[in-house]
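For reference, the structure discussed in these notes is given below.
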DNA sequence: CGTCTTTTGTTATCAGACGCACAGACGCGG
DNA sequence: CCGCGTCTGTGCGTCTGATAACAAAAGACG
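Protein chains in written order, with this note's numbering: chain A, 8 to 252; chain B, 8 to 252.
Below is the structure:
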């Protein structure tokens with residue numbers, strides 16, 4: 008379990024869902040919002056775990072990963088400060104298949120299960136936002152499904168890079184090619200091959216354990232339509248305060 | 008728009024969600040439940056359509072299909088009488104990407120958008136069931152995503168056949184290999200190749216425009232784990248009255 | 001500065017599925 | 001029973017990515 012409150016604290020309002028709450032609702036929740044670190048690699052919950060908190064990231068990225076019996080896996084959704092982790096609490100299942108893993112360190116605020124359920128039952132803005140976010144999540148996993156079926160590894164990689172920098176709010180990410188391969192469910196050597204091509208074309212710069220996007224526009228052109236499709240639906244459904252873009 | 012009430016009418020209680028409602032709730036909804044045919048190929052809603060009804064199938068199969076710009080497509084979820092079509096009504100988005108298409112004819116009961124929203128807001132059993140079903144749907148699309156990434160065409164075909172007969176409640180389905188290929192997002196010739204192998208191994212029998220499952224047990228062994236994984240989660244989350252399996 | 005670990009790059013082979021061309025087979029309508 | 005359209009089977013070249021074995025480079029650390 009990670010320490011609480013070690014990094015410079017960010018406001019809960021950095022999370023788009025919390026920020027979109029009416030002032031009264033937010034004020035009522037504030038005393039129960041507990042700040043917590045999201046250290047790299049932390050497994051927030053594993054398949055079938057009875058989860059006790061809903062997490063509202065304010066920075067970093069959490070991945071929803073499905074595992075197979077043979078040890079391979081694939082990321083089916085990326086969650087940043089636009090969303091939340093632990094939807095099974097208000098959806099009623101109490102647990103979900105799949106692993107919630109911190110893929111890029113950051114921090115979050117979390118809300119106790121009971122309090123979340125109480126708030127959700129009020130039929131207020133939080134319920135509305137939580138359900139809208141869940142619908143957006145369905146869109147993301149669905150698009151991932153068809154993308155995995157039809158698009159090349161390079162296209163998928165471009166999509167993944169774009170989705171990641173959208174959630175990191177910066178162009179450089181600290182991640183090994185090995186980990187990207189795990190998340191995309193492909194071979195490490197294939198990622199190496201793809202990053203080399205992208206690098207020699209000047210779209211990205213690779214270093215040990217980090218990738219920097221140099222030309223966002225060209226990267227979008229190289230990615231499949233899935234990136235844009237999901238982004239459009241997220242923009243339609245979800246609130247995007249100030250630095251929306 | 009299909010005709011209403013032409014086939015021999017089935018009870019709304021054939022839909023597992025409606026059947027799981029408390030008697031009082033069901034009685035209140037009954038006058039507003041409108042019987043409607045689901046003819047083969049009918050597109051209930053297309054990407055972005057503002058949908059006006061929630062459909063509760065009592066027979067047949069509805070597919071959630073995502074399309075790509077190049078004309079290819081993939082089915083990301085199968086919906087039968089265990090579920091419902093039109094979740095965006097209560098999730099708040101009012102519309103969704105993806106096409107809802109009748110893949111196997113049957114019939115359904117539908118509920119007007121306003122009435123569904125009113126009932127959902129009561130925080131009663133219908134809300135609970137609708138959200139649980141939505142969570143199950145997320146599981147299905149997620150598993151589809153990883154399945155598309157990792158498993159062979161034959162494994163995916165077996166999974167699809169099994170999921171279809173589960174929803175049809177019979178071993179024979181009327182469908183062309185061409186259509187299966189479209190749904191799985193693969194080549195028609197590849198499906199032909201796979202069905203031939205399965206047929207020569209005695210698992211299925213193929214005829215023009217129909218496939219019959221002969222050996223369910225062997226077919227399960229040949230399918231990937233994804234079929235079982237989704238089934239387990241559906242059984243955990245959803246009600247399954249009487250003829251549950 | 002040299003060793004050790006981690007990460008990344010290179011190459012070759014192989015399997016699955018695409019993509020195309022075409023042949024055959026079934027069944028419906030006349 | 002014949003013709004035609006639809007559906008299905010087959011073969012083969014091509015391409016992507018899996019698989020494996022290995023080389024090189026970049027930091028970490030003493």
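Glycine included, every Cβ here is placed at the ideal spot set by N, Cα and C.
Backbone CA spacing between residue i and residue j [nearest angstrom]
i	j	result
residue 24(A)	residue 134(B)	22 Å
residue 10(A)	residue 80(A)	Reliability fails at residue 10(A), whose pLDDT of 42 lies under 50, so the model's placement of it is uncertain and the value that follows must be treated cautiously. Approximately 28 Å between the Cα atoms of the pair.
residue 252(B)	residue 128(B)	The predicted position of residue 252(B) is uncertain, since its pLDDT is 40 and thus under 50; a value taken from the coordinates is nonetheless stated next. Spanning the two alpha carbons is a distance of roughly 32 Å.
residue 73(B)	residue 106(B)	6 Å
residue 64(B)	residue 22(B)	6 Å
residue 70(B)	residue 82(A)	23 Å
residue 87(B)	residue 30(B)	23 Å
residue 114(B)	residue 183(A)	51 Å
residue 204(B)	residue 187(B)	16 Å
residue 13(A)	residue 175(A)	Note on residue 13(A): pLDDT 46, under 50, position unreliable in the model; the coordinate value appears next. Going by the C-alpha atoms only, they are around 19 Å apart.
residue 245(A)	residue 154(A)	22 Å
residue 6(A)	residue 111(A)	A question about residue 6(A) goes unanswered here, because the residues of chain A that appear run from 8 up to 252.
residue 16(A)	residue 145(A)	31 Å
residue 208(A)	residue 78(B)	29 Å
residue 201(A)	residue 139(B)	40 Å
residue 62(B)	residue 68(A)	36 Å
residue 3(B)	residue 104(B)	Outside the shown range of chain B (8 to 252) lies residue 3(B), about which nothing can therefore be said.
residue 240(A)	residue 136(A)	14 Å
residue 170(B)	residue 34(A)	47 Å
residue 45(B)	residue 18(B)	15 Å
residue 126(A)	residue 198(B)	49 Å
residue 247(B)	residue 130(B)	22 Å
residue 243(B)	residue 89(B)	13 Å
residue 109(A)	residue 28(A)	25 Å
residue 226(A)	residue 66(A)	23 Å
residue 250(A)	residue 173(A)	Confidence at residue 250(A) is low in this model, with a pLDDT of 48, below 50, so the placement of that residue should be treated as unreliable; the coordinate-derived value is given next. So the two alpha carbons sit approximately 11 Å from each other.
residue 238(B)	residue 57(A)	19 Å
residue 124(B)	residue 224(B)	42 Å
residue 210(A)	residue 180(A)	14 Å
residue 55(A)	residue 143(B)	13 Å
residue 91(B)	residue 43(B)	14 Å
residue 26(A)	residue 20(B)	42 Å
residue 122(A)	residue 59(A)	10 Å
residue 185(B)	residue 196(B)	9 Å
Supposed contact pair residue j and residue i - C-beta distance, whole angstroms, cut 8 Å
i	j	result
residue 178(A)	residue 32(A)	With a Cβ gap of about 35 Å, residue 178(A) and residue 32(A) do not count as contacting.
residue 141(B)	residue 141(A)	7 Å
residue 230(A)	residue 162(A)	6 Å
residue 212(A)	residue 206(A)	6 Å
residue 151(B)	residue 152(A)	4 Å
residue 157(B)	residue 160(A)	No, residue 157(B) and residue 160(A) are not in contact; Cβ-Cβ is about 13 Å, not under 8 Å.
Are the region 84-101 of chain B and the region 205-219 of chain B in contact at 8 Å, needing three or more beta carbon pairs?
no
Near-chain B residues of the region 94-116 of chain A - C-beta to any C-beta below 8 Å:
Within the region 94-116 of chain A, the qualifying residues are 94, 95, 97, 98, 99, 100, 103, 104 and 105.
Chain B contacts made by the region 144-159 of chain A, where a contact means CB separation under 9 Å
For the region 144-159 of chain A, which is checked against every Cβ of chain B, the residues closer than 9 Å are 144, 145, 146, 148, 149, 150, 151, 152, 153, 154, 155, 156, 157 and 158.
List, from N- to C-terminal side, the alpha helix (DSSP H) runs of 4 residues or more that fit wholly inside the region 102-168 of chain A.
As for any alpha helix (DSSP H) of minimum length 4 sitting wholly inside the region 102-168 of chain A, the runs are 120-127 and 132-157, ordered along the chain.
Between the region 64-81 of chain A and chain B, which residues of the former have a C-beta closer than 7 Å to a C-beta of the latter?
73, 75, 76, 79 and 81
Interface residues of the region 116-128 of chain B facing chain A [CB-CB below 8 Å]
128
Across the region 34-45 of chain B and the region 103-120 of chain B, are there enough close Cβ pairs to call them in contact, namely three or more that are closer than 8 Å?
Touching, yes, given that three or more Cβ pairs across the two stretches are closer than 8 Å.
Any contact of the region 233-243 of chain B with the region 183-197 of chain B, i.e. 3+ C-beta pairs under 8 Å?
no
Closer than 9 Å, Cβ to Cβ, to anything on chain B: give me those residues from the region 211-232 of chain A, in chain order.
Answer set for the region 211-232 of chain A: 231 and 232.
What are the start and end residues of each continuous beta strand (DSSP E) run of 3 or more residues lying completely inside the region 173-213 of chain B, in chain order?
As far as the region 173-213 of chain B is concerned, its whole beta strand (DSSP E) runs of at least 3 residues are 179-181.
Any chance the region 154-172 of chain B sits against the region 43-55 of chain B, with 3 or more Cβ pairs inside 8 Å?
no
Ignoring anything shorter than 4 residues, give me the alpha helix (DSSP H) runs that lie fully in the region 41-111 of chain B, in order along the chain.
95-98
Going along the region 15-36 of chain A in order, which residues come within less than 8 Å of chain B, judged by CB to CB distance?
none
Members of the region 36-56 of chain A that neighbour chain B once the beta carbon cut-off is set at 8 Å:
For the region 36-56 of chain A, which is checked against every Cβ of chain B, not one residue is closer than 8 Å.
In chain order, what residues of the region 185-212 of chain B put their CB closer than 9 Å to some CB of chain A?
191, 192 and 193
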